[in-house]
Amino acid sequence: MTRFIQCSLFILCSFSLLISTASANSPYPRSAAEFNKPSDSELREILTPMQYRVTQNASTEPAFDNTYHDNQRVGIYVDIVSGEPLFSSRDQFDSGTGWPSFTRPIKREVVSEREERHWLFSTRTEVRSRIADSHLGHVFADGPPPTGLRYCMNSAALRFIAKEDMQEQGYGDYLNYLGKPDD
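The sequence shown begins at 28 in the working numbering and counts up by one.
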């Protein structure tokens with residue numbers, strides 16, 4: 028019996044070490060508790076003026092005059108502030124709006140949504156990254172199947188990682204999000 032307990036403890040400790048090592052080597056935080064958001068002055072140094080205005084002040088970049096509105100490459104989009112994976116090229120579509128648009132986030136829990144007053148009498152739904160709380164854009168109920176949603180994002184809030192670079196940059200676990208979606 029003691030041999031069984033010793034083996035079980037050894038396996039449990041080894042597994043815990045493996046998990047903590049994988050988490051420590053991750054290029055992005057796995058939770059908000061792991062993320063130490065840079066100070067405002069640090070963000071101003073790290074980000075371009077447009078990236079700062081969009082992610083920290085909920086600004087909107089110009090349509091068609093941004094990096095990813097017509098990106099055709101296969102890969103994922105991550106939060107420019109935290110590196111958290113947010114969207115997959117699998118779910119990207121040409122909405123004709125001039126901003127990168129997606130039918131869904133890579134995982135539902137990576138974004139938060141909140142209603143905001145827009146103009147005088149209308150509201151819209153703001154989309155923010157869950158971990159860094161970066162403003163990403165807005166979601167509208169006028170997208171294509173299968174979701175009917177259009178996540179209209181600002182390129183300035185995103186960093187694209189091409190499929191061929193994902194493993195090397197620590198995002199290999201997300202390669203399966205580039206294939207056919209699980210509806």
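Backbone N, C-alpha and C define an ideal beta-carbon position, used for all residues, glycine too.
Owing to the predicted nature of the structure, the values given are computational and were not obtained by experimental measurement.
Buried or exposed, going by whether 16 or more other CB atoms sit within 10 Å of the CB of F114? Buried is the call here.
Buried or exposed: which applies to P127, given that a residue is buried once 16 or more other Cβ atoms fall within 10 Å of its Cβ? Buried, by the Cβ-count rule.
Can you give the Cα-Cα distance for S86 and K207, rounded to whole angstroms? Going by the C-alpha atoms only, they are around 33 Å apart.
Own chain partners of N98 with C-beta closer than 8 Å, once the 5 adjacent residues on each side are dropped: So the qualifying residues of the chain are S116, Q119, P127, F187.
Integer-rounded CB distance, given that S156 should sit under 8 Å from D200: 18 Å between Cβ atoms; not a contact.
Can you tell me whether S109 is helix, strand or coil according to DSSP? DSSP, reduced to helix, strand and coil, places S109 outside both helices and strands of the structure shown, so it counts as coil.
Mapping DSSP to helix, strand and coil, what is Y201? Secondary structure of Y201 (DSSP, three-state): helix.
Best match in E195, E111, K190 for proximity to N203 [C-alpha to C-alpha]: Comparing Cα positions, the closest option is K190.
Are E136 and T152 closer than 8 Å when you measure CB to CB? Contact check for E136 against T152 fails: the beta carbons are separated by 8 Å or more.
Which residues does DSSP list as the beta-bridge partners of T150? According to DSSP, which records beta bridges pairwise, T150 is partnered with R144.
Inter-residue spacing [alpha-carbon to alpha-carbon] between D160 and H145: Going from the Cα of D160 to the Cα of H145 covers about 20 Å.
Cα-Cα separation, G197 to E142: In a straight line, the C-alpha of G197 is about 34 Å away from that of E142.
Mind reading off the beta-carbon distance from T124 to P171? Whole number of angstroms is fine, and I expect it under 8 Å. The Cβ separation is near 13 Å, so there is no contact.
Just the C-alpha distance for L74 and N93, rounded to the nearest angstrom, thanks. Looking at the two C-alpha atoms, the distance is approximately 15 Å.
Going by Cα to Cα distance, which pick from L163, D169, I158 is closest to R57? Checked all of L163, D169, I158; the closest Cα to R57 is I158.
Out of D169, E111, Y95, G102, point me to the one whose CA is closest to N63's CA. Of D169, E111, Y95, G102, the smallest CA-CA separation from N63 is found for E111.
Give, in chain order, every unbroken run of the alpha helix (DSSP H) that is at least 4 residues long and sits entirely within the stretch 58-85. When DSSP assignments are scanned along the stretch 58-85, the uninterrupted stretches of alpha helix (DSSP H) that are 4 or more residues long and fall wholly within it turn out to be 67-73, 76-84.
Taking just the CA atoms, how far does Q78 sit from E195? Whole-angstrom Cα-Cα distance: 25 Å.
Three-state secondary structure (DSSP) of A183: Residue state for A183 is assigned as helix, using DSSP reduced to three classes.
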